[in-house]
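This report concerns only the one structure given below.
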Amino acid sequence: YTGRGPSSESLHLGHLIPFIMTKWLQQAFGAPVVIQLTDDEKFLWKGGTLEEYGKYAEANARDILAVGFDVERTFLFKDTEAIH
Numbered sequence: 056y057t058g059r060g061p062s063s064e065s066l067h068l069g070h071l072i073p074f075i076m077t078k079w080l081q082q083a084f085g086a087p088v089v090i091q092l093t094d095d096e097k098f099l100w101k102g103g104t105l106e107e108y109g110k111y112a113e114a115n116a117r118d119i120l121a122v123g124f125d126v127e128r129t130f131l132f133k134d135t136e137a138i139h
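Under our numbering, residues 56 to 139 are what the sequence shown spells out, in order.
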């Protein structure tokens, strides 16, 4: 399990390091991975709109998946979509 609170449209290298390490663990041990995007938390603590943080989450998801996770063993979700 790992995750990210989306607060901008792109990730920098420091944001990607945990995902790179998680991908390595997935490859090395065949582990399933769960990635949580906490768009609701950013909305509640930083202000702005849910739509804004939803767009950040979708952009961040593209960056995260570009690391190369095994799509058969990876579950990525946004909090606001999972609570319905």
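Note that CB positions come from ideal geometry on N, CA and C, so glycine has one too.
Three-state secondary structure assigned by DSSP to residue i
{"i": "Ile72", "result": "helix"}
{"i": "Ile138", "result": "coil"}
{"i": "Thr77", "result": "helix"}
{"i": "Phe84", "result": "helix"}
Residue i: first and last residue of the uninterrupted alpha helix (DSSP H) it sits in
{"i": "Gly109", "result": "Leu105 to Leu120"}
{"i": "Leu99", "result": "Asp94 to Lys101"}
Cβ neighbours of residue i in the same chain (closer than 7 Å, five flanking residues each side left out)
{"i": "Arg66", "result": "Rather than Arg, the amino acid found at residue 66 in this sequence is Leu. Only Asn115 and Asp118 meet the Cβ criterion."}
{"i": "Gly60", "result": "Thr93, Glu96 and Lys97"}
{"i": "Phe124", "result": "Lys78, Gln81 and Val88"}
{"i": "Phe74", "result": "Thr57, Ile119 and Val122"}
{"i": "Tyr108", "result": "Pro61, Asp94, Lys97 and Phe98"}
Neighbourhood of residue i by C-beta distance below 6 Å, restricted to the same chain and skipping five residues each side
{"i": "Thr129", "result": "Val88"}
{"i": "Lys133", "result": "Leu92, Asp94 and Ala112"}
Residues that DSSP places opposite residue i in a beta bridge
{"i": "Gly58", "result": "Gln91"}
Where the beta strand (DSSP E) containing residue i begins and where it ends
{"i": "Leu66", "result": "No beta strand (DSSP E) holds Leu66; DSSP gives it neither H nor E."}
{"i": "Phe130", "result": "Thr129 to Lys133"}
Other residues of its chain near residue i: CB distance less than 8 Å, five sequence neighbours each side excluded
{"i": "Ala86", "result": "Leu80 and Arg128"}
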